[in-house]
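Numbering (my numbering), first residue to last: 243 to 431. In this text, a Cβ means the ideal position worked out from N, Cα and C, and glycines have one as well.
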Amino acid sequence: ELAKLRRALRARRFAAAIEGWRALAATPPAEDAEDRPRAGVPIEAVAADRIRRVYRRMVRDGSAIDAASPDEDLHELRKRGKELRYLLELFGSLFPDDVVKPTVKALKDLQDVLGHFQDRSVQTTALRADAAELAKQPGGPDAVLAAGLVISALEADQRDTRAHFAERFAAFSAPEERKIVNGTFRKLS
């Protein structure tokens, strides 16, 4: 396989593909392209705008989460956090390390809590869904009782995790963090 790879990398087809990519990269975008309104905008500006918007939406959505919020709200915030992390990891080298690294760290800490919370939610839902079928099996009633104890422990852990969410979210969305994000990742004009 290594020999095949080496041959492919030395082949004319690969050289032509690389040359095509170079030519595409060197071609200035058409200014009047309606289907590509940002084609002429530097990637740093587009990435900064998207990072800023996703961060601000996370702050807005996370600020609305309280003890009565459904599990789905935390799961949606977790998904938005994944998007932000992908953006920061993909485009982070375009921005100052002293901004990106602390933001990613605060985001990872928040994602850890949100992931743990989601895991507990999924586990309790699965155990509840299987309880009726489990009860029909030999020894089922005892297994259902045991599952109830496990569900109870998982729910207690989930409540504790939700309490940690508030502190992790506060660090992620602190006023000084918002100021740094808004100053570094500027809105696209």
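- The beta carbon of residue 368 is closer than 7 Å to none in its chain, skipping five residues each way along the sequence.
- In this structure residue 322 does not touch residue 346 by the C-beta definition: roughly 15 Å separates them, more than the 8 Å allowed.
- A direct Cα-Cα distance of roughly 28 Å separates residue 406 from residue 292.
- The DSSP-derived three-state label of residue 429 is coil.
- Fewer than three pairs of CB atoms, one per stretch, sit closer than 8 Å, so the stretch 380-400 makes no contact with the stretch 341-355.
- Here the alpha carbons of residue 331 and residue 403 stand approximately 26 Å from one another.
- C-alpha of residue 289 to C-alpha of residue 247: approximately 34 Å in a straight line.
- DSSP places residue 376 inside the alpha helix (DSSP H), whose first and last residues are 339-378.
- Here residue 284 carries a coil assignment [DSSP, helix/strand/coil].
- Rounded to the nearest angstrom, the gap between the Cα atoms of residue 381 and residue 339 is 58 Å.
- Across the structure, residue 300 and residue 280 are spaced so that their CA atoms are roughly 24 Å apart.
- Residues of the same chain with a CB within less than 7 Å of the CB of residue 342, apart from the 5 flanking positions on each side, are 330, 334 in chain order.
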